[in-house]
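Heads up: take any position in the sequence shown, counting from 1, add 58, and you land on the working numbering.
Everything below concerns the one structure shown next.
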Amino acid sequence: MYRPVSSPNRAFTLIELLVVIAIIAILAAILFPVFAQAREKARQTSCLSNMKQMGLAWFQYVQDYDETGPTIHGTNWVDGVDRITEYLALYPYVKNVDVWRCPSASGSDGTGWPDSAADALGVPRANGRRFNYGYNWGILIYAGGGLVGQEVPSVNAQGNPSDYQAGKPLAALVAPADVFVYSDSYDTYRQTMGSEAILSTYAGPRRNSGLRHNGRFNVCFADGHAKNMKWIGFSLGPIDAPSSPQLLVPAIESDRNKWCADPNEVLPYQTHGYGIPDMPCGGTLSNANIAAFGGTFWPN
């Protein structure tokens, strides 16, 4: 009877092993970015949920306080107390300080909840937790134009200097569904989403793809809804110059009016030392003005 001769055991050759390793490497190179994008998309969705809660909290606050948003008080409005800002007023409508925390932000970045102000208002301390969203003070923050008016010098009850920016009534918002309340900031919570402050601690490459959600930021609006938007950075001067101020705007030019309670309101930029003429809020960050200011948009 014929019996086939069994072939001797044969090991893989070096070439075959290298081919298998190369295939695995190629697959990893393809799949790992996909996994990273999926993870970031999940974080972006969680962040958007935070935004939705904050937008609703602001809207509920306004309904409870004669249809007027919170006023921002400067340091020492109460002697020895940090700035009293909007999130302390909105806390009772959220009851979770972590709502102000973006899951995509670096754990080492962000400004802590001011415990002295929390104590003054009777809300919980942050215990070292950090916050990564900014409130709409306006395009260039101290000139107002957003949900608060321009900065006004004042004195506190003890006669010591302080300042405030008064919350605006809902009736002052021409189109609440098109007015920002909060947005992401990169990455430190700057208390404000003003264009000149939102990137003030950004340390990454000056490319839009390096922004927190792959060049997109989450925002919420004064009617309570939230959405994800494409944003772009620009530098006032050479992009790579360390001294060039960095600003951020929505990529779609018309969306830059969404800082404005009233796009036709003329803002006192000269009064607050911004070095540009007083002009309507709605046209401040047009492409033409950005070019005139010496702005250079970041690459994608």
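Just so it is clear, CB atoms sit at the ideal spot from N, CA and C, and this is done for glycine as well.
Worksheet entry | Rounded straight-line distance, which links the Cα of residue 237 to that of residue 143 | Your numbering for residue 143 matches position 85 in the sequence shown. Your numbering for residue 237 matches position 179 in the sequence shown. When rounded, the separation of the alpha-carbon atoms in residue 143 and residue 237 is 19 Å.
Practice prompt. From the DSSP output, read off the bridge partner residues of residue 193.
Written response: What you label residue 193 is simply residue 135 of the sequence shown in a count that begins at 1. Listed as beta-bridge partners of residue 193 by DSSP are 240, 250.
Fill in: Neighbour-count burial assignment, residue 147, 16 or more Cβ in a 10 Å radius
For the purposes of this step, residue 147 is identified with residue 89 of the sequence shown, where counting begins at 1. Buried, since its Cβ has 16 or more Cβ neighbours within 10 Å.
Practice prompt. Using the DSSP secondary-structure output, state which residues sit across from residue 112 in a beta bridge.
Written response: Residue mapping note: residue 112 aligns to position 54 of the sequence shown, counting from 1. Paired residues: none, contrary to the question.
Worksheet item: Buried or exposed: where does residue 256 fall if 16 or more other Cβ atoms within 10 Å of its Cβ makes it buried?
Response: Numbered from its first residue, the sequence shown carries residue 256 at position 198. So residue 256 ends up on the buried side.
Discussion item. Quick check on this structure: which residue in 311, 199, 284, 265 has the alpha carbon closest to the alpha carbon of residue 242?
Written reply: Taking the first residue of the sequence shown as 1, we reach residue 242 at position 184. It is 284 whose Cα lies nearest to the Cα of residue 242.
Practice prompt. Using three-state DSSP, classify residue 289 as helix, strand or coil.
Written response: Position 231 of the sequence shown, counted from the start, is the residue given in the question as residue 289. In the displayed model, residue 289 falls within a strand according to three-state DSSP.
Discussion item. For residue 319 and residue 80, I'd like the C-alpha separation in whole angstroms.
Written reply: Residue numbering aside, residue 319 sits at position 261 when the sequence shown is read from its first letter. Residue numbering aside, residue 80 sits at position 22 when the sequence shown is read from its first letter. Answer to the nearest angstrom: the Cα atoms are 57 Å apart.
Worksheet item: Expressed to the nearest angstrom, what Euclidean distance is found between the alpha-carbon atoms of residue 211 and residue 222?
Response: Position 153 of the sequence shown holds residue 211. Position 164 of the sequence shown holds residue 222. Roughly 7 Å between the two C-alpha positions.
Discussion item. Quick check on this structure: which residue in 134, 298, 254 has the alpha carbon closest to the alpha carbon of residue 348?
Written reply: To locate residue 348, count along the sequence shown from 1; it is residue 290. Shortest Cα-Cα distance from residue 348 to any of 134, 298, 254 involves 254.
Discussion item. Going by C-alpha to C-alpha distance, which of 308, 233, 330 sits closest to residue 344?
Written reply: To locate residue 344, count along the sequence shown from 1; it is residue 286. Relative to the Cα of residue 344, the nearest Cα in the group 308, 233, 330 belongs to 308.
Worksheet entry | Inside the stretch 252-332 only - alpha helix (DSSP H) runs reaching at least 4 residues | Whole alpha helix (DSSP H) segments, 4+ residues: zero.
Worksheet entry | First through last residue of the alpha helix (DSSP H) which encompasses residue 213 | Locating residue 213 in the sequence shown gives position 155, where the first residue counts as 1. Looking at the DSSP string, residue 213 is not in any alpha helix (DSSP H); the run it does join, the beta strand (DSSP E), is 210-213.
Worksheet item: Terminal residues of the continuous alpha helix (DSSP H) containing residue 140?
Response: Along the sequence shown, one-based indexing puts residue 140 at 82. Unbroken run through residue 140: none, as it is neither H nor E.
Worksheet item: What first and last residue would you give for the alpha helix (DSSP H) that runs through residue 221?
Response: Reading the sequence shown from its first residue, position 163 is the one you call residue 221. Counting along the chain, residue 221 falls outside any alpha helix (DSSP H), though it belongs to the beta strand (DSSP E) covering 219-223.
Worksheet item: Rounded to the nearest angstrom, how far is the Cβ of residue 162 from that of residue 270, given a contact under 8 Å?
Response: Taking the first residue of the sequence shown as position 1, residue 162 is located at position 104. Taking the first residue of the sequence shown as position 1, residue 270 is located at position 212. The pair is a contact, with the Cβ atoms about 5 Å apart (cut-off 8 Å).
Worksheet entry | Beta-carbon separation (whole angstroms), residue 159 vs residue 117, contact threshold 8 Å | The sequence position of residue 159 within the sequence shown is 101, counting from 1. The sequence position of residue 117 within the sequence shown is 59, counting from 1. Going by Cβ atoms, the distance from residue 159 to residue 117 rounds to 21 Å, so no, they are not a contact pair.
Discussion item. Using 8 Å for Cβ pairs, my map puts residue 377 next to residue 208. What's the rounded Cβ distance?
Written reply: An answer regarding residue 377 cannot be provided, because it is not within the stretch 59 to 358 covered by the chain.
Worksheet item: Under 8 Å, do residue 23 and residue 197 count as touching if we go by C-beta distance?
Response: The chain is shown only over 59 to 358; residue 23 falls outside these bounds and no answer can be derived.
Worksheet entry | Segment contact, 8 Å Cβ cut-off, at least three pairs: the stretch 350-358 with the stretch 276-292 | Verdict: yes, contact present.
Discussion item. Taking 7 Å as the cut-off, is the beta-carbon of residue 254 closer than that to any non-hydrogen atom of the ligand FMN?
Written reply: Of the ligands one can find in the structure shown there are none, so the ligand FMN has no counterpart to examine.
Worksheet item: Just the Cα atoms here: how many angstroms apart are residue 219 and residue 278?
Response: Position 161 of the sequence shown, counted from the first residue, corresponds to residue 219. Position 220 of the sequence shown, counted from the first residue, corresponds to residue 278. Computed Cα separation, rounded: 33 Å.
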